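Following: one structure in structure tokens, then a few remarks.
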Amino acid sequence: AATLQQIEPGRSLEYVRALLGEPTARTQVEGATEIWKWAYRETKRSEGRLIFVFSGDETEQIEGATYVEFQDGLVHKTWQD
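Number 36 in the working numbering belongs to position 36 of the sequence shown; there are no gaps in the numbering.
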């Protein structure tokens, strides 16, 4: 989320690509509008217990995506789901 705050409206395609890498998908919308998507998967594991029971491993996977909408090659808006 902190990285997403650096992607302010008016930033260039090159800036966003340098910050986030190549997108997972690109969608051309109308005219010069394009939406880039970066999918991610985050794994959270409960730590700090002295006894580990592997069958009851508390692992949580979070999946989501970050989107950046460009108009004429410049950032218009960003969001996550």
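Cβ atoms here follow ideal geometry from the backbone N, Cα and C, with glycine treated the same way.
Note that this is a predicted model, so its numbers are computed, not measured.
**Asked** Which value, in whole angstroms, describes the spacing of the CA atoms of V75 and E42?
**Response** The alpha-carbon of V75 is positioned some 25 Å away from that of E42.
**Prompt:** If we ignore side chains and look at the alpha-carbon of each, how far apart do W36 and Q61 end up?
**Reply:** 23 Å
**Prompt:** Can you tell me where the alpha helix (DSSP H) with R17 in it begins and where it stops?
**Reply:** 13-20
**Prompt:** With DSSP run on the structure shown, which of helix, strand or coil describes Q6?
**Reply:** In the structure shown, Q6 sits in coil (DSSP, three-state: anything other than H, G, I, E or B).
**Prompt:** In terms of residue numbering, what span does the beta strand (DSSP E) encompassing T78 cover?
**Reply:** 74-80
**Inter-residue Cα distance where the pair is E69 and K44** = The C-alpha of K44 is placed about 29 Å away from the C-alpha of E69.
**Asked** With a CB to CB cut of under 8 Å and the five nearest residues on each side skipped, what residues in its chain are close to Q6?
**Response** L19
**Message:** Measuring only the C-alpha atoms, how far is Q71 from T27?
**Reply:** Going from the Cα of Q71 to the Cα of T27 covers about 12 Å.
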